[in-house]
């Protein structure tokens with residue numbers, strides 16, 4: 001199942017981590033929610049293969065630890081989402097459709 005592209009309307013903002021908005025529900029370690037606003041990563045489906053991080057031309061993503069998450073113990077955080085140039089490479093390269101980019105959503 002792909003990320004909900006309307007998460008900012010369908011979910012409540014649960015807080016902030018590393019300067020990035022987190023959208024609920026959040027119930028660690030299993031449920032980590034969606035991280036980011038302009039560039040959003042659904043931590044509950046992210047496999048952490050690193051393709052987005054390795055291929056982003058402006059280095060939007062950084063690794064963060066997610067201990068005991070059932071899918072992976074690291075995720076990519078859109079820490080520098082304000083640098084995003086909306087090229088959509090991360091969206092296209094993600095094997096599980098865990099990323100959504102929408103310039104109309106501002107962090």
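Numbering (UniProt numbering), first residue to last: 1 to 107.
Glycine is no exception: its CB is placed at the ideal position from the N, C-alpha and C atoms.
Length of the line joining the Cα atoms of residue i and residue j
{"i": "residue 53", "j": "residue 73", "result": "16 Å"}
{"i": "residue 94", "j": "residue 77", "result": "14 Å"}
{"i": "residue 12", "j": "residue 1", "result": "20 Å"}
{"i": "residue 58", "j": "residue 27", "result": "31 Å"}
Simplified DSSP state of residue i, which is helix, strand or coil
{"i": "residue 12", "result": "coil"}
{"i": "residue 54", "result": "helix"}
{"i": "residue 93", "result": "helix"}
{"i": "residue 17", "result": "strand"}
{"i": "residue 49", "result": "coil"}
Proximity of residue i and residue j at Cβ, strictly below 7 Å
{"i": "residue 41", "j": "residue 99", "result": "yes"}
{"i": "residue 91", "j": "residue 39", "result": "no"}
{"i": "residue 55", "j": "residue 32", "result": "no"}
{"i": "residue 69", "j": "residue 29", "result": "yes"}
Contact set for residue i: own chain, Cβ-Cβ below 7 Å, skip 5 residues either direction
{"i": "residue 21", "result": "13, 36, 37 and 107"}
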